[in-house]
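Student:
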Amino acid sequence: MMGAAKAGRVVVVGAGILGALHALFALERGLEVVHLEKDPRPQGASVRNFGLVWVGGRAGGAELELALRARALWEEVAERVEGLGWRAAGSLTVATEEAELSLMKQACERADAALRKWQLLDGPAAHEANPEISPETAGALHCGADALVEPRLAVHAVRKRLEGFEGYNWFPGREVMQVAPRKVRDDRGEWYGGDRVFVCPGATTTAVVRGFAGLARTRRVRLQMLETAPYQGRLTTSLADADSMRYYPAFDLPGRASLPPQPEVAARWHAQLLLVQRLDGSLTIGDTHEYDEPFAFDLDDEIYRHLLARATSLLRRPLPPVRRRWAGVYSEVRDASRDLYWREEIDDGVEVVSGVGGRGMTCSPAIAEQSIAHLAG
Ligand SMILES: Cc1cc2nc3c(=O)[nH]c(=O)nc-3n(C[C@H](O)[C@H](O)[C@H](O)COP(=O)(O)OP(=O)(O)OC[C@H]3O[C@@H](n4cnc5c(N)ncnc54)[C@H](O)[C@@H]3O)c2cc1C
Numbered sequence: 002m003m004g005a006a007k008a009g010r011v012v013v014v015g016a017g018i019l020g021a022l023h024a025l026f027a028l029e030r031g032l033e034v035v036h037l038e039k040d041p042r043p044q045g046a047s048v049r050n051f052g053l054v055w056v057g058g059r060a061g062g063a064e065l066e067l068a069l070r071a072r073a074l075w076e077e078v079a080e081r082v083e084g085l086g087w088r089a090a091g092s093l094t095v096a097t098e099e100a101e102l103s104l105m106k107q108a109c110e111r112a113d114a115a116l117r118k119w120q121l122l123d124g125p126a127a128h129e130a131n132p133e134i135s136p137e138t139a140g141a142l143h144c145g146a147d148a149l150v151e152p153r154l155a156v157h158a159v160r161k162r163l164e165g166f167e168g169y170n171w172f173p174g175r176e177v178m179q180v181a182p183r184k185v186r187d188d189r190g191e192w193y194g195g196d197r198v199f200v201c202p203g204a205t206t207t208a209v210v211r212g213f214a215g216l217a218r219t220r221r222v223r224l225q226m227l228e229t230a231p232y233q234g235r236l237t238t239s240l241a242d243a244d245s246m247r248y249y250p251a252f253d254l255p256g257r258a259s260l261p262p263q264p265e266v267a268a269r270w271h272a273q274l275l276l277v278q279r280l281d282g283s284l285t286i287g288d289t290h291e292y293d294e295p296f297a298f299d300l301d302d303e304i305y306r307h308l309l310a311r312a313t314s315l316l317r318r319p320l321p322p323v324r325r326r327w328a329g330v331y332s333e334v335r336d337a338s339r340d341l342y343w344r345e346e347i348d349d350g351v352e353v354v355s356g357v358g359g360r361g362m363t364c365s366p367a368i369a370e371q372s373i374a375h376l377a378g
């Protein structure tokens, strides 16, 4: 049993990016942190994603503000935490035809386009911005606000930084089973208390989460991803195909209705192409969206063929062989117009923070900041 709660102690459950950043910001404020994680090391959505700090596609207003604040915080965190792989690389959403370009043009006319650092580029300008894209490109939307971290490294880099604080107490392999006012109990029956408890379980629906009433306001989404061997060229930006504009709320504009129908397989898998080059030269490629549970335990090849063909058509050099495939699951709030994410006080002094969805790697610093500021207030 941890000693009795003393002033200035925070308990954090979950060592994904959200839990890790809660711990970091609390320690930086001089608080003691007790950090529990059910696995020996975190392997949830935070290590399976693209690492995209994707600001451009966010809905105008509160969601864009949250993403912009998070981006600014990522930049600051990168100065204090070594090995995040932070790059302010920007992105190109690539158009192959007129209706896509016309929607991009409308997007650039949004009142908040400058905040997103959006710029419509013709074919040659797009090629100049990223010489690795195919010369056939009709044009592209450049987003100067988009950035990157390395998902396989970032959480572990933050965790390494946490180990450097005296007030940090790390308990891996402990699954939290029960909450009570200002404390939690793990699977061994041990209790951990503090002034405030933050439960950041991601999409894991273990016993403790099933007890939370607000869970019904979220849903889980499964994505398929892959990684290639190192690509011969150096991509100066991340890439998206124009299908991405079907999903991101910022493109909910009249021109969206004029986009040509999506290929049947892509529509069925709610697919878009996102492509990111890793520090070692490899390419992370995805993604798909499945909403119906129970999710498949295996990976489906049909949609990978579509994504690989798309990636091949976007790039000027041949795609390297695939070396890894995986799936990941995130939790998202069902109605993002009501809440941007799920924050709920589930017991006295115990808050659950989750449901950030496909923008969790982007927004986590700003959400953790809100938690800790609220604590200090
Ligand atoms: C394939 C994929 C691609 C994505 N791409 C992007 C992207 O490019 N950009 C972006 O912004 N977002 C992206 N996302 C979303 C983003 O990854 C998630 O929103 C984010 O990582 C969620 O972080 P988290 O810390 O809440 O959850 P997680 O990373 O899942 O961490 C939760 C942790 O809590 C632990 N845990 C759960 N229950 C308990 C318990 N009872 N006791 C102890 N520990 C517990 C788990 O073991 C886990 O380690 C993507 C997601 C996926 C799946």
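For the sequence shown, the residue numbers in this note's numbering are 2 to 378.
Quick reminder that beta carbons are idealized off the backbone N, C-alpha and C, glycines included.
1) If you draw a straight line from the C-alpha of residue 6 to the C-alpha of residue 194, how long is it?
2) For residue 256, name the three-state secondary structure that DSSP assigns.
3) Can you tell me which of 277, 199, 276 and 297 puts its alpha carbon nearest to the alpha carbon of residue 348?
4) Please look up how many angstroms separate the CB atoms of residue 9 and residue 32, rounded, as I've assumed it's under 8 angstroms.
5) Please give the ranges of any alpha helix (DSSP H) in the segment 16 to 61, keeping only runs that are unbroken, at least 4 residues long and fully inside the region.
6) Ordered along the chain, which non-local residues of its own chain (more than five positions away) have a Cβ less than 7 angstroms from that of residue 223?
7) With a threshold of 7 angstroms on Cβ separation, who are the neighbours of residue 267 within its own chain once the five nearest residues in sequence on each side are excluded?
8) Are residue 237 and residue 79 close, meaning C-beta to C-beta below 8 angstroms?
9) Applying the criterion that 16 or more other CB atoms from any shown protein chain within 10 Å of the CB defines a buried residue, is residue 332 buried or exposed?
10) Could you check which residue in 358, 317 and 353 has the C-alpha nearest to that of residue 336?
11) With respect to the alpha helix (DSSP H) encompassing residue 135, which residues constitute its N-terminal and C-terminal limits?
12) In angstroms with no decimal places, state the Cα-to-Cα distance between residue 275 and residue 192.
13) Quick one: what's residue 173 bridged to in DSSP?
14) Taking the alpha carbon of residue 171 as the point to measure from, which residue in 99, 35 and 62 has its own alpha carbon closest?
15) Leaving out five residues before and five after residue 72 in sequence, what residues of the same chain have Cβ atoms less than 8 angstroms from its Cβ?
16) For residue 311, which residues in the same chain have their Cβ closer than 6 angstroms to its Cβ, ignoring the five residues on either side in sequence?
17) Pick out the complete alpha helix (DSSP H) segments inside the segment 50 to 122, 4 residues or longer, and give them in chain order.
18) Can you look up residue 5 in the DSSP assignment and give me helix, strand or coil?
19) Rounded to a whole number of angstroms, what is the C-alpha to C-alpha distance between residue 105 and residue 142?
20) Per DSSP, what are the beta-bridge partners of residue 184 in this structure?
21) Select from 188, 87 and 271 the residue whose C-alpha is nearest the C-alpha of residue 303.
22) Just how far apart, CA to CA, sit residue 204 and residue 125?
23) Tell me which residue opens and which closes the beta strand (DSSP E) that residue 239 is part of.
24) From the DSSP output, which residues share a beta bridge with residue 326?
25) Kindly examine ligand 1 and report whether one of its heavy atoms sits closer than 7 angstroms to the Cβ of residue 343.
26) Once the 5 residues before and after residue 221 are set aside, which same chain residues still bring their CB inside 6 angstroms of it?
27) Is any non-hydrogen atom of ligand 1 found closer than 7 angstroms to the C-beta of residue 38, if you look at the structure I gave you?
28) Beta carbon of residue 170: closer than 7 angstroms to some heavy atom of ligand 1?
29) Using C-beta distances below 7 angstroms, list every residue in its chain close to residue 230, excluding the 5 sequence neighbours before and after it, in chain order.
30) Quick one: is residue 379 buried, meaning 16 or more other Cβ sit within 10 Å of its Cβ, or exposed?
31) Distance, Cα to Cα, residue 213 vs residue 62?
Tutor: Walking through what the data contain:
1) With a pLDDT of 42 at residue 6, under the threshold of 50, the modelled position of that residue is not reliable, and the figure given next carries that caveat. C-alpha separation (whole angstroms): 5 angstroms.
2) DSSP places residue 256 within a helical segment (H, G or I) once states are collapsed to three.
3) Ranking 277, 199, 276 and 297 by Cα distance to residue 348 puts 199 first.
4) The Cβ separation is near 5 angstroms, so the contact holds.
5) For the segment 16 to 61, whole alpha helix (DSSP H) runs of length 4 or above, ordered along the chain, are 18 to 29 and 46 to 49.
6) So the qualifying residues of the chain are 291, 296, 328 and 330.
7) Shown here for residue 267: same chain residues with a beta carbon closer than 7 angstroms to its own, the five before and five after excluded, namely 244 and 307 in chain order.
8) Going by C-beta atoms, residue 237 is not nearer than 8 angstroms to residue 79.
9) Under this definition residue 332 is a buried residue.
10) Nearest neighbour of residue 336 by Cα position, chosen from 358, 317 and 353, turns out to be 358.
11) It is not in any alpha helix (DSSP H) - residue 135 carries neither H nor E in the DSSP assignment.
12) For residue 275 and residue 192, the distance between alpha carbons rounds to 43 angstroms.
13) For residue 173, which the question treats as bridged, DSSP gives the partners 38.
14) Cα-wise, what sits closest to residue 171 is 35.
15) Excluding five sequence positions before and after residue 72, the CB atoms of its chain that fall closer than 8 angstroms to its own CB belong to 54, 56, 146, 148 and 363, given in chain order.
16) 242 and 274, listed in sequence order.
17) Entirely contained in the segment 50 to 122, the alpha helix (DSSP H) runs reaching 4 residues are, in chain order, 63 to 81, 99 to 109 and 114 to 117.
18) Confidence at residue 5 is low in this model, with a pLDDT of 40, below 50, so its placement is unreliable and no value can be given for it.
19) Distance between the alpha carbons of residue 105 and residue 142: 6 angstroms.
20) Residue 184 is bridged by DSSP to 181 and 194.
21) Residue 271 holds the alpha-carbon nearest to the alpha-carbon of residue 303 among 188, 87 and 271.
22) About 42 angstroms.
23) Where residue 239 is concerned, the enclosing beta strand (DSSP E) stretches over 239 to 242.
24) In the DSSP assignment, residue 326 is bridged to 227.
25) No, ligand 1 has no heavy atom inside 7 angstroms of this Cβ.
26) Excluding sequence neighbours, residue 221 sits near 204, 330 and 332.
27) At least one heavy atom of ligand 1 falls within 7 angstroms of the beta-carbon of residue 38.
28) No, the Cβ of residue 170 stays beyond 7 angstroms of every heavy atom of ligand 1.
29) So the list reads 283, 321, 322 and 324, once near-sequence residues are dropped.
30) The structure shown does not extend to residue 379, since the chain is modelled only from 2 through 378, so no value can be given for it.
31) Rounded to whole angstroms, residue 213 and residue 62 show a C-alpha spacing of 29 angstroms.
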